[in-house]
Amino acid sequence: MNPTNIVRKVFPTARRLLVERSIKSLSIPKYDNVLIAGAGHDPYAVLFSNAKKYIRLDITPIKGKTDIIADAMALPFKDASLDCVLASELIEHLKYPFLFVDEVERVLKLGGCVIITIPFMFQQHADPFDYYRFTPEALKVVFQRFNHVEIMVQGNRSHVISDLLTTAFRPYPILFPLRIFNHLLVWVWSVSPKRVSTAPSGFILIGRK
């Protein structure tokens with residue numbers, strides 16, 4: 064493991080921990096044809112170990128982690144050819160997110176599943192390509208063509224405050240070491256009763272075609 068990945072694991076944002084924990088807690092059935100859109104470093108391969116086709120797509124390639132270089136708003140796949148599409152922390156970076164959702168609906172088979180995570184109260188990142196923050200109501204509109212949509216909250220004010228504080232003063236990592244406490248914050252949230260927060264870190268959405 065290279066030093067950058069070690070730092071990311073030891074001093075993660077609360078947002079990153081919430082996203083990974085939320086996805087890994089899902090009961091994901093066996094899917095034959097899976098697309099990871101905006102795959103990045105691809106931390107979710109273990110969840111789809113039984114897939115016949117596991118495709119990692121991104122517009123910016125990472126050596127050994129990207130199978131297809133393409134725009135998520137114009138997916139290079141045939142209609143009804145995929146069983147599952149996972150896009151984690153992607154659609155806030157898309158200038159036209161409705162195009163991506165239309166593409167996902169097009170390439171999914173009937174009964175196929177889309178899994179989305181998206182930040183809500185989190186700093187602007189990957190500037191200048193960070194366009195949107197969606198409420199649950201807005202997500203329902205964006206994904207209205209799907210037969211069933213479930214949206215779950217990720218985190219609360221404590222996670223938001225931690226991330227806002229420890230990402231302050233960039234590019235100088237003055238409060239960066241405090242991120243080590245995010246492991247405890249996310250663990251407490253995961254084992255305690257989860258009240259629906261009006262100021263969550265973000266959301267995870269599961270939609271079925």
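Residue numbering for the sequence shown follows this note's numbering, beginning at 64 and increasing consecutively. Even glycine gets a Cβ: it sits at the ideal position worked out from N, Cα and C. For clarity, every value in this text was computed on a predicted model and none was experimentally measured.
What are the start and end residues of the beta strand (DSSP E) that includes residue i?
i    : result
S151 : L145 to S151
L80  : Here L80 belongs to no beta strand (DSSP E); instead the alpha helix (DSSP H) covers A77 to K87.
Taking the straight line between their C-alpha atoms, what separation do you get for residue i and residue j?
i    : j    : result
I269 : E200 : 14 Å
L202 : I99  : 20 Å
S234 : I243 : Residue identity differs from the one stated: residue 234 is Pro in this sequence, not Ser. Answer to the nearest angstrom: the Cα atoms are 18 Å apart.
F192 : T123 : 13 Å
I125 : H104 : 7 Å
P236 : A143 : 46 Å
P240 : V251 : 19 Å
Specify, as a first and last residue, the run of the alpha helix (DSSP H) that residue i falls within.
i    : result
F266 : Where F266 is concerned, there is no enclosing alpha helix (DSSP H), although the beta strand (DSSP E) it sits in stretches over G265 to R271.
P182 : No alpha helix (DSSP H) holds P182; the beta strand (DSSP E) holding it covers L171 to P182.
I30  : Look at the range of the chain in this structure, 64 to 272, and you will see that residue 30 is not part of it.
P234 : Counting along the chain, P234 falls outside any alpha helix (DSSP H), and DSSP gives it neither H nor E.
P139 : First-last for P139: undefined, no H or E at that position.
Per DSSP, which residues does residue i bridge with? Please list them.
i    : result
D121 : I132
N96  : K116
Please check the pair residue i and residue j, which I expect to be a contact at CB under 8 Å, by giving their CB distance rounded to whole angstroms.
i    : j    : result
T129 : A102 : 6 Å
I86  : I181 : 12 Å between Cβ atoms; not a contact.
V170 : L153 : With a Cβ gap of about 15 Å, V170 and L153 do not count as contacting.
H156 : A189 : 6 Å
N96  : K72  : Between K72 and N96 the Cβ distance is about 30 Å, and since that is not below 8 Å, they are no contact.
**Asked** Between the stretch 215–224 and the stretch 252–266, do three or more beta carbon pairs fall short of 8 Å?
**Response** yes
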